[in-house]
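>
Residue numbers (my numbering), protein chains in the order written: chain A, 3 to 179; chain B, 5 to 105.
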């Protein structure tokens, strides 16, 4: 299991870096799809197979097809580089390197330390939380129960958000600005 | 999941987020910038899933919400890209200064 994790780990990092560095937008989109597949594999290792399926269907499928569709529709000119000036590049690399070192320090984080720092007094930390080990074999049921119970109002708000996004996309794509 | 994978998973989440920030700062192509935002959202999803091991399925539900918002953002954002491209024939962020004053 560990070997598989490290393969997906390396795949995610390499394909994310290629996505950022590729000049061709279509190539960058393909590398982003590879990143999302690697993340789906890691989701499976982290006991979230349903989210892995949703990741592949929604992200690697629907969202990235939309991206590639728009890239090819616009037929962008890729002969010129689209990097910023050298001063901006130096600043960006410095800031991002610092951020990566800071966040990479989480490598040393352990479940024991998590329990020590954040163990809630009453047992459950979030509404609808299920203590680890109490999970049934039906992962869809486990995810659906908090979704339609403790998180019902955010769920309904999400549907309004999606409706607004659909209307906004249609209006924006239709009219000249 | 073997318990000692929590740290590496959080570190991977941080590294992917940093790569996304790097791309957003480095590139001038608006569509690539959008893809970098998607990369950052994916990194956060990974952290949610890693913590959901210990805090229950609320983390999985939040990943759903992040995915929904990302899908809505992609739809509206790409519609804005289309309108911008129709308006000034480029997606280079240095040439798009509609709000510059």
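Every residue gets a Cβ at the ideal spot worked out from N, C-alpha and C, and that includes glycine.
Residue 130(A) by DSSP, collapsed to three states: which one?
Caution applies to residue 130(A), whose pLDDT of 48 falls short of 50 and renders its modelled position unreliable; the value that the coordinates give is listed next. The answer is coil: DSSP assigns residue 130(A) none of H, G, I, E or B.
> Below 7 Å on C-beta distance, what does residue 104(B) contact in chain E?
In the structure shown, chain E cannot be found, because the protein chains are A and B.
> Which value, in whole angstroms, describes the spacing of the CA atoms of residue 157(A) and residue 31(A)?
Rounded to the nearest angstrom, the two C-alpha atoms are 29 Å apart.
> Against chain A, does residue 23(B) count as a neighbour if the rule is that its beta carbon must be under 9 Å from one of theirs?
So, interface residue.
> Going straight from the alpha carbon of residue 82(B) to that of residue 72(A), what length do you get?
For residue 82(B) and residue 72(A), the distance between alpha carbons rounds to 7 Å.
> Taking the continuous alpha helix (DSSP H) assigned at residue 58(B), which residues delimit it?
Taken as a continuous stretch (DSSP letters only), the alpha helix (DSSP H) holding residue 58(B) covers 34-59.
> Using a Cβ cut-off of 9 Å (strictly closer), state whether residue 1(A) contacts chain B.
Here chain A covers residues 3 to 179 and nothing more, so residue 1(A) does not appear.
> Let me check one thing: in DSSP terms, what residues is residue 31(B) bridge-paired to?
BP columns for residue 31(B) point to 85(A).
> Quick test of your reading: residue 145(A) and residue 65(B), contact by CB under 8 Å. State the CB separation rounded to the nearest angstrom.
Contact holds; Cβ gap of about 7 Å.
> Less than 9 Å between the C-beta atoms of residue 43(A) and residue 54(A), yes or no?
Going by C-beta atoms, residue 43(A) is nearer than 9 Å to residue 54(A).
> Alpha carbon to alpha carbon, how far is residue 175(A) from residue 168(A)? Give it in angstroms, no decimals.
Taking the straight line joining both Cα atoms gives about 11 Å.
> Quick one: which residues of the stretch 23-46 of chain A get their C-beta closer than 7 Å to a C-beta of chain B? List them in chain order.
For the stretch 23-46 of chain A, which is checked against every Cβ of chain B, the residues closer than 7 Å are 27, 30, 31, 34, 37, 38, 41, 44, 45.
> Specify the secondary structure class of residue 96(B) as computed by DSSP and reduced to three states.
Residue 96(B): strand per DSSP, three-state reduction.
> Taking only the alpha-carbon atoms, compute the straight-line gap between residue 58(B) and residue 61(A) and give it to the nearest angstrom.
If you take the alpha carbons of residue 58(B) and residue 61(A), they lie about 25 Å apart.
> Residues of chain A with CB closer than 7 Å to the CB of residue 53(B), please, in chain order.
45, 48, 50, 53, listed in chain order.
> Is residue 84(B) near residue 19(A), with beta carbons less than 9 Å apart?
Not a contact, by the Cβ cut-off of 9 Å.
> Would you tell me roughly how many angstroms separate the C-alpha atoms of residue 4(A) and residue 38(A), rounded to the nearest one?
If you take the alpha carbons of residue 4(A) and residue 38(A), they lie about 19 Å apart.
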